[in-house]
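The structure under discussion appears below in the form of structure tokens.
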Amino acid sequence: MKRSPFKMLLWTPIFLLLSACAAPLTDLSQDFQSLRPTRIAVLPAKNETADMDGPIVFRILAGAELADKGYALVDFARIDQALREKGIEEAGQIDSFTSQEIGEIVGADGLLYITVLSYGRQVGVHLKMEGSFTLVDAKTNQKLWFSELSVSDDILLEGGAAVLMGELLGGKDKKKSREKALESYLAMRKAMIAQAVNRFRAHPLRQEVFRVITLDMDKVYLLEIFFRKNFRSLPRP
Numbered sequence: 005m006k007r008s009p010f011k012m013l014l015w016t017p018i019f020l021l022l023s024a025c026a027a028p029l030t031d032l033s034q035d036f037q038s039l040r041p042t043r044i045a046v047l048p049a050k051n052e053t054a055d056m057d058g059p060i061v062f063r064i065l066a067g068a069e070l071a072d073k074g075y076a077l078v079d080f081a082r083i084d085q086a087l088r089e090k091g092i093e094e095a096g097q098i099d100s101f102t103s104q105e106i107g108e109i110v111g112a113d114g115l116l117y118i119t120v121l122s123y124g125r126q127v128g129v130h131l132k133m134e135g136s137f138t139l140v141d142a143k144t145n146q147k148l149w150f151s152e153l154s155v156s157d158d159i160l161l162e163g164g165a166a167v168l169m170g171e172l173l174g175g176k177d178k179k180k181s182r183e184k185a186l187e188s189y190l191a192m193r194k195a196m197i198a199q200a201v202n203r204f205r206a207h208p209l210r211q212e213v214f215r216v217i218t219l220d221m222d223k224v225y226l227l228e229i230f231f232r233k234n235f236r237s238l239p240r241p
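Counting with our numbering, you get residues 5 to 241 for the letters of the sequence shown.
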């Protein structure tokens, strides 16, 4: 069924509940330009959650963001192999070494440290992504850039807001207006998620997340927002 652009625009604010989340907490060093890294190693992510997929997904997408900005990256397999040769099997062990030591081990002058603070669903419907990213100069251990953000998506909250808007802006038949509003919201949600999934599948690096994300495609839309907002403040090389 064809929908008028005006009616579809009515539901746009619902999605802005998600995309207009708080801005990330960021910090950019005044010495960034002089210490700007030429080759970055995206290190295995530290996991503060019970979900084993989060660190894999965060690492893949962080690498994609850096590559899109034009940074040269050390291959993940090479990083992991070099770390294993030094007895580093888990991300938590990396902190036992100085940044200079890690830089020499993996062959990079820039190190991206990642911490996953939240990944996945809570209480079945509430989807949340939270984490931090720290870019460090390997030689001096100086923090060059930092970003931390939390974004969430609650289908019940958004759906309820859509129904309320339908009741307020609809016709005399309130029940029918609510039903149409919810239908429109769900259709737009499905379309926006599908668009995000297609963008990920078309990207040479982001498509790797589908090795671990196989069913819950809602995550892809939220991850796209989460990473775009986090890495927006990182300058290009």
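Cβ atoms here follow ideal geometry from the backbone N, Cα and C, with glycine treated the same way.
Under 8 Å between C-beta atoms of residue 106 and residue 115: Sequence index remark: in the sequence shown, residue 106 carries index 102 (1-based). Sequence index remark: in the sequence shown, residue 115 carries index 111 (1-based). Yes. Within cutoff.
Local Cβ density within 10 Å of residue 219, reported as buried at 16 or more and exposed below that: On the sequence shown, residue 219 is found 215 positions in, with the first residue counted as 1. Exposed: under 16 other Cβ atoms inside 10 Å.
Euclidean distance between Cα positions of residue 186 and residue 147: Your numbering for residue 186 matches position 182 in the sequence shown. Your numbering for residue 147 matches position 143 in the sequence shown. Roughly 46 Å between the two C-alpha positions.
Cβ pair count under 8 Å reaching 3, the stretch 55-72 against the stretch 205-216: In short, these stretches touch, since the Cβ pair count reaches three.
Three-state secondary structure assigned by DSSP to residue 217: Sequence index remark: in the sequence shown, residue 217 carries index 213 (1-based). Residue 217 falls in the coil class under three-state DSSP.
Bridge partner(s) assigned by DSSP for residue 51: Position 47 of the sequence shown, counted from the first residue, corresponds to residue 51. In the DSSP output, where bridge partners are listed per residue, residue 51 has 120.
Nearest residue (CA-CA) to residue 145, options 101, 130, 179: Translated into the one-based positions of the sequence shown, residue 145 becomes position 141. Among 101, 130, 179, the Cα nearest to that of residue 145 belongs to 101.
Residue closest to residue 79, alpha-carbon to alpha-carbon, out of 111, 188, 193, 224: Counting from 1 along the sequence shown, the entry for residue 79 is found at position 75. Of the residues 111, 188, 193, 224, the one whose Cα lies closest to the Cα of residue 79 is 111.
Among 94, 208, 121, 239, nearest to residue 230 - alpha-carbon criterion: Working through the sequence shown from its first residue, we reach residue 230 at position 226. Per the Cα distances, 121.
Where residue 236 sits in the DSSP three-state scheme: Here residue 236 corresponds to residue number 232 of the sequence shown, with the count starting at 1. If DSSP states are grouped into helix, strand and coil, residue 236 belongs with coil.
Continuous alpha helix (DSSP H) assignments of at least 4 residues falling wholly in the stretch 55-92: 58-73, 80-89
Host alpha helix (DSSP H) of residue 39 (start-end): Within the sequence shown, residue 39 is the residue found at index 35, counting from 1. Counting along the chain, the alpha helix (DSSP H) containing residue 39 begins and ends at 36-39.
Top-ranked residue by Cα proximity to residue 51, from 201, 89, 95: Indexing the sequence shown from 1 puts residue 51 at position 47. Residue 51 has its Cα closest to that of 95, out of 201, 89, 95.
Cα-Cα separation, residue 138 to residue 150: One-based indexing of the sequence shown puts residue 138 at position 134. One-based indexing of the sequence shown puts residue 150 at position 146. The alpha-carbon atoms of residue 138 and residue 150 are separated by roughly 4 Å.
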